[in-house]
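Just below is one structure, and these are the notes that go with it.
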Amino acid sequence: MRVCNVCLTHDPAYGGLYRSVQDFSRALSASILSFDDGPFKNESGERVSVEEGVSVRRLGCGTGWLARDCRVMSPATARQADAAVADADLLVVHSLFRGHAAWGQAWAKQHGRLYWAVPHGCLDPWGLSHRGLLKRLWLEVRGRSFLAHADRIVVSSQRSLEKSLAWIPDGRPADRTVVVHWPVDLPGLDGQAAARAMFRQQHGIPESARLLLYVGRLHAVKRPVETVRAFCEATAAASLEHCHLAIVGMDGDLTQADILAAIPAVCRDRVHVVGPLAGADLAAAHLAGDGFIALSFQENFGYAAAEAMAYGLPVILSPGHDLAHEMPALDGRFACGWLLGDDAHATAVAAIREWARASDATLAALGGTGRTWVANTLSCERFRDRLTGLLRADSTS
Numbered sequence: 024m025r026v027c028n029v030c031l032t033h034d035p036a037y038g039g040l041y042r043s044v045q046d047f048s049r050a051l052s053a054s055i056l057s058f059d060d061g062p063f064k065n066e067s068g069e070r071v072s073v074e075e076g077v078s079v080r081r082l083g084c085g086t087g088w089l090a091r092d093c094r095v096m097s098p099a100t101a102r103q104a105d106a107a108v109a110d111a112d113l114l115v116v117h118s119l120f121r122g123h124a125a126w127g128q129a130w131a132k133q134h135g136r137l138y139w140a141v142p143h144g145c146l147d148p149w150g151l152s153h154r155g156l157l158k159r160l161w162l163e164v165r166g167r168s169f170l171a172h173a174d175r176i177v178v179s180s181q182r183s184l185e186k187s188l189a190w191i192p193d194g195r196p197a198d199r200t201v202v203v204h205w206p207v208d209l210p211g212l213d214g215q216a217a218a219r220a221m222f223r224q225q226h227g228i229p230e231s232a233r234l235l236l237y238v239g240r241l242h243a244v245k246r247p248v249e250t251v252r253a254f255c256e257a258t259a260a261a262s263l264e265h266c267h268l269a270i271v272g273m274d275g276d277l278t279q280a281d282i283l284a285a286i287p288a289v290c291r292d293r294v295h296v297v298g299p300l301a302g303a304d305l306a307a308a309h310l311a312g313d314g315f316i317a318l319s320f321q322e323n324f325g326y327a328a329a330e331a332m333a334y335g336l337p338v339i340l341s342p343g344h345d346l347a348h349e350m351p352a353l354d355g356r357f358a359c360g361w362l363l364g365d366d367a368h369a370t371a372v373a374a375i376r377e378w379a380r381a382s383d384a385t386l387a388a389l390g391g392t393g394r395t396w397v398a399n400t401l402s403c404e405r406f407r408d409r410l411t412g413l414l415r416a417d418s419t420s
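This note's numbering numbers the first residue of the sequence shown as 24 and each following residue consecutively.
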């Protein structure tokens with residue numbers, strides 16, 4: 024079957040969403056049709072590029088406020104999109120709330136083809152609480168039909184599925200809504216000592232320090248300011264002043280300056296605002312760390328946490344990490360680090376303090392459990408096999 028992924032503004036700035044669309048495309052040998060927001064400057068109205076080996080065709084949704092961000096799609100753009108996917112047997116439509124979803128459903132119906140819906144975090148109650156009236160109106164007017172007629176609804180965790188049930192129409196066969204964990208590569212750990220030393224030297228972190236990592240966009244939903252405050256309070260005692268925190272990530276609705284301003288004066292030499300890293304530089308940060316923290320309100324998959332676990336780091340995770348609720352437990356305790364019971368400041372402080380006081384052997388054991396789970400559960404081969412299995416089943420049904 025010929026497959027095309029359909030998404031909005033396919034851009035690395037969108038983090039996990041960008042990465043998951045890339046993963047779907049590689050696993051299914053599929054192209055990408057991206058409806059880009061904002062002014063579209065290409066004179067022909069479309070362009071084709073290749074990003075990390077994946078063909079991406081880009082269209083602007085049209086002019087005017089509603090069309091620029093694809094809340095509606097102009098007839099001219101719809102005709103271009105029709106032509107771009109003319110030979111597709113299946114559209115995989117990522118995200119909701121915009122005109123690309125209604126277009127994908129209408130195209131599939133008109134041409135007798137299939138489409139899958141991949142809502143990502145769009146049906147999470149936390150996300151629906153923001154601009155909630157408009158989102159719920161869209162779900163009632165367009166969304167229920169879009170989800171009802173999708174040949175598959177694909178989500179990345181069991182908890183994400185449970186959160187979505189309120190919007191999945193009654194009577195839809197249960198086996199048509201499926202959980203497929205997104206993939207995470209298992210990196211080698213060769214050269215860890217050299218990478219650890221290099222990263223720490225670059226950022227003024229003593230070799231003897233215990234280092235906690237935050238990796239992610241600087242966005243309010245990910246709570247980097249709250250992370251800094253919890254870390255500084257947790258490690259204020261003299262016996263814990265060997266602990267450092269590195270904040271890694273690009274600006275979002277918060278900037279590096281905002282994070283720097285939030286660091287208490289007594290903690291400034293132990294909190295390092297590193298900025299965005301990628302490739303070998305990001306790998307070095309992971310290899311230099313002794314733990315990972317993410318206090319996000321909402322992570323329907325959470326690539327950053329899964330990737331940290333792949334490096335063998337014990338993790339401190341908020342309850343909003345849906346995937347964490349499927350990770351191993353031992354004697355009723357989260358076996359990969361600390362899974363917090365709520366988003367309270369005091370809860371985060373207590374967990375950081377436990378991490379800071381834990382022995383090296385304890386942290387290594389927690390990190391090893393997480394790395395093994397990632398290897399067994401989140402492999403690229405498992406992801407590809409799961410998707411291609413669904414594809415085969417759909418092609419013969």
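The C-beta atom is built at its ideal place from N, Cα and C for all residues, glycine as well.
Everything numeric in this text was worked out from a predicted model, so none of it was measured.
Handout entry: Contacts around Met-24, its chain only, beta-carbon distance under 7 Å, and the 5 residues preceding and following it disregarded
Key = Asp-112, Leu-113, Leu-414 and Ser-418
Exercise for the section: Classify Ala-416 as helix, strand or coil using the three-state DSSP reduction. Expected result: Correct three-state label for Ala-416: helix.
Handout entry: Ser-183, DSSP secondary structure in three states
Key = helix
Exercise for the section: Can you say whether Pro-247 is buried or exposed, counting buried as having 16 or more other CB atoms within 10 angstroms of its CB? Expected result: buried
Exercise for the section: Quick one: grab the DSSP three-state call for Val-108. Expected result: coil
Problem - Expected contact under 8 Å - CB spacing of Val-271 and Tyr-326 to nearest Å - result: Actually they are not in contact, since the Cβ atoms of Val-271 and Tyr-326 sit about 13 Å apart, beyond 8 Å.
Handout entry: Buried versus exposed call for Arg-376 [16 or more other C-beta atoms within 10 Å across all chains shown]
Key = buried
Practice task
With DSSP as the reference, label Cys-255 as helix, strand or coil.
Solution key: helix
Exercise for the section: Determine contact between the region 263-278 and the region 194-213, defined as no fewer than three beta-carbon pairs at a distance below 8 Å. Expected result: No, because fewer than three Cβ pairs between the region 263-278 and the region 194-213 fall closer than 8 Å, the two stretches do not touch.
Practice task
Check whether the Cβ atoms of Cys-266 and Cys-290 sit closer than 7 Å, and answer yes or no.
Solution key: no
Problem - Segment contact, 8 Å Cβ cut-off, at least three pairs: the region 140-159 with the region 184-203 - result: Judged by Cβ distances under 8 Å, the region 140-159 makes contact with the region 184-203, as three or more pairs qualify.
Problem - Cβ contact check for the region 328-346 and the region 374-393: 3 or more pairs under 8 Å - result: Contact between the region 328-346 and the region 374-393 is present, because at least three Cβ pairs lie under 8 Å.
Problem - Between the CA atoms of His-117 and Trp-126 - distance to the nearest angstrom - result: Cα to Cα, the separation comes out at about 12 Å.
Handout entry: Residue interval of the alpha helix (DSSP H) (run including Tyr-14)
Key = Because the chain here runs from 24 to 420, residue 14 falls outside it and cannot be looked at.
Practice task
Give the range of the alpha helix (DSSP H) segment to which Gly-39 is assigned.
Solution key: Here the alpha helix (DSSP H) through Gly-39 covers 39-50.
Handout entry: Residue range of the beta strand (DSSP E) that includes Leu-340
Key = Run containing Leu-340: 338-340, per the beta strand (DSSP E) assignment.
Practice task
Assess, as a yes-or-no matter, whether the region 74-91 is touched by the region 28-45 under the definition of 3 or more beta carbon pairs within less than 8 Å.
Solution key: Yes, the region 28-45 is in contact with the region 74-91.
Practice task
Pick helix, strand or coil for Val-77, following the three-state DSSP scheme.
Solution key: strand
Exercise for the section: State yes or no: is the beta carbon of Arg-165 nearer than 7 Å to at least one beta carbon in chain B? Expected result: In the structure shown, chain B cannot be found, because there is only a single protein chain.
Handout entry: Pair within 7 Å by beta-carbon distance, Phe-315 and Leu-346
Key = no
Practice task
Would you list the residues sitting across from Arg-175 in a DSSP beta bridge?
Solution key: Trp-139
Exercise for the section: Would you give the residue range spanned by the alpha helix (DSSP H) that Asn-28 belongs to? Expected result: Asn-28 -> not in any alpha helix (DSSP H); beta strand (DSSP E) instead, spanning 26-31.
Exercise for the section: Evaluate Arg-439 with the Cβ neighbour count: other Cβ atoms within 10 Å of its Cβ, from every protein chain shown; 16 or more gives buried, anything less gives exposed. Expected result: What the structure shows of the chain is the stretch from 24 to 420, and residue 439 is not part of that stretch, so it cannot be assessed.
Problem - Coarse secondary structure for Asp-408, derived from DSSP in three states - result: Asp-408 falls in the helix class under three-state DSSP.
Handout entry: DSSP bridge partner residues for Phe-320 (one or two, in chain order)
Key = Note: Phe-320 sits in no beta bridge, so no partner.
Practice task
Answer with buried or exposed for Ser-43, where buried requires no fewer than 16 other C-beta atoms within 10 angstroms of its C-beta.
Solution key: buried
Practice task
Figure out for me which residue from Ser-180, Gly-211, Glu-163 and Ala-90 has the closest Cα to the Cα of Pro-192.
Solution key: Looking at the Cα atoms, Glu-163 is the closest of the given residues.
Problem - Own chain partners of Tyr-37 with C-beta closer than 7 Å, once the 5 adjacent residues on each side are dropped - result: none
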